[in-house]
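Undergrad:
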Amino acid sequence: MKLYKRDYKTLTNEEYADWQSLREQEVVRQLDNSSVEIRRSLFCKYPKAARHFTSLFPNNYLDIIELKDEVRLNKLVDKFLSLLNDSNVSERRLLNFINQESAYFIIGSILSKYFTFGHHDAFLFPEFPLGTTYKVDYLLIGNSSDGWNFVFVELESPNKNITIADGELGLAFRKGLNQISNWDAWLDANFPTLREVFEKYKNQSELLPSEFTMLDKSRIYYVVIAGRRNDFSDKTYRKRRKRSRNAAELILHYDNVLDTARNVIGRDTY
Numbered sequence: 000m001k002l003y004k005r006d007y008k009t010l011t012n013e014e015y016a017d018w019q020s021l022r023e024q025e026v027v028r029q030l031d032n033s034s035v036e037i038r039r040s041l042f043c044k045y046p047k048a049a050r051h052f053t054s055l056f057p058n059n060y061l062d063i064i065e066l067k068d069e070v071r072l073n074k075l076v077d078k079f080l081s082l083l084n085d086s087n088v089s090e091r092r093l094l095n096f097i098n099q100e101s102a103y104f105i106i107g108s109i110l111s112k113y114f115t116f117g118h119h120d121a122f123l124f125p126e127f128p129l130g131t132t133y134k135v136d137y138l139l140i141g142n143s144s145d146g147w148n149f150v151f152v153e154l155e156s157p158n159k160n161i162t163i164a165d166g167e168l169g170l171a172f173r174k175g176l177n178q179i180s181n182w183d184a185w186l187d188a189n190f191p192t193l194r195e196v197f198e199k200y201k202n203q204s205e206l207l208p209s210e211f212t213m214l215d216k217s218r219i220y221y222v223v224i225a226g227r228r229n230d231f232s233d234k235t236y237r238k239r240r241k242r243s244r245n246a247a248e249l250i251l252h253y254d255n256v257l258d259t260a261r262n263v264i265g266r267d268t269y
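Below, the structure written as structure tokens:
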């Protein structure tokens, strides 16, 4: 479930030295007769490895500095759009593209428009297991001043059985919604057992926050992505608004995701 080939739980001697040098430069002054230091953050100047190393889940961290690599990220969105325009593309090919191209910001970008967390820290776990019963396409975890929240994401077909003639949800969305209903029931019964998974990937110098060990359904959200913009009618959008008001469920089409991916490029945070 780690995102990167490199193990960011460790630093090279050079990376550690560079990080410590910047840490020393962060000290503005020390209060008289006290060990308390006034600091200014130089996080954006840390070596990439150090930014990961200091996070809660070093190998699943969505690095905000990479959002400034506008040329590369726009090229990835262009490639993703080309895939979507292939009438034979499947959700598996889309998932494989994101994972193989390290285009994780595409999934992470949905935090920026549809949720109020993730701007402090954001993490992504691909193919996250719920015991031995289910596997979530992506688990997004976002932090804000209100604490940690969890978004379970299901990718469905971009081009088959999306909606029916009157705008009602078709088989692709119904399948995805049934899947998240199963996840929700599993979490109700088993959420504390996920602690072992989170501990495995956690920064060992950090304590696991309580949100990761005790179920709080107000922090659990679900997203199903299927179809394209032209599959949605006014009735479909009304159903989406009603569902998001009455439950922690969001249905999106892939053009929504393309829009958020474009919009997050160049930003300072998710």
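If you count by numbering that gives the first Met the number 0, then the sequence shown holds residues 0 to 269, one letter each, in order.
Every residue, glycine too, gets a C-beta built ideally from N, C-alpha and C.
As the structure is a computational prediction, the values presented were derived from the model and not from experiment.
So, helix, strand or coil for P57, using DSSP?
TA: Three-state DSSP puts P57 in a helix.
Undergrad: In the DSSP assignment, what are the bridge partners of N148?
TA: Per DSSP, G141.
Undergrad: Could you check what DSSP says for P157 in three-state terms: helix, strand or coil?
TA: It is coil, neither helix nor strand.
Undergrad: Count the CB pairs spanning the stretch 221-233 and the stretch 48-57 that are closer than 8 Å, and state whether there are at least three.
TA: no
Undergrad: Who are the near neighbours of H119 in its chain, counting only those whose CB is closer than 6 Å to its CB and skipping five residues on each side?
TA: N142 and S143
Undergrad: Alpha carbon to alpha carbon, what distance is there between L257 and I109?
TA: 9 Å
Undergrad: Output needed for P191: all residues of its chain with C-beta closer than 8 Å, excluding positions within five of it in sequence on either side, in chain order.
TA: T212, M213 and L214
Undergrad: Can Y200 and I63 be called in contact, C-beta distance under 8 Å?
TA: no
Undergrad: If you draw a straight line from the C-alpha of D77 to the C-alpha of N95, how long is it?
TA: 16 Å
Undergrad: I'd like to confirm the pairing. Which residues does DSSP put opposite K134 in its beta bridges?
TA: P128
Undergrad: Determine, using beta carbons only, whether P157 comes closer than 8 Å to chain C.
TA: In the structure shown, chain C does not exist; there is a single protein chain.
Undergrad: DSSP state of Y221, grouped into three classes?
TA: strand
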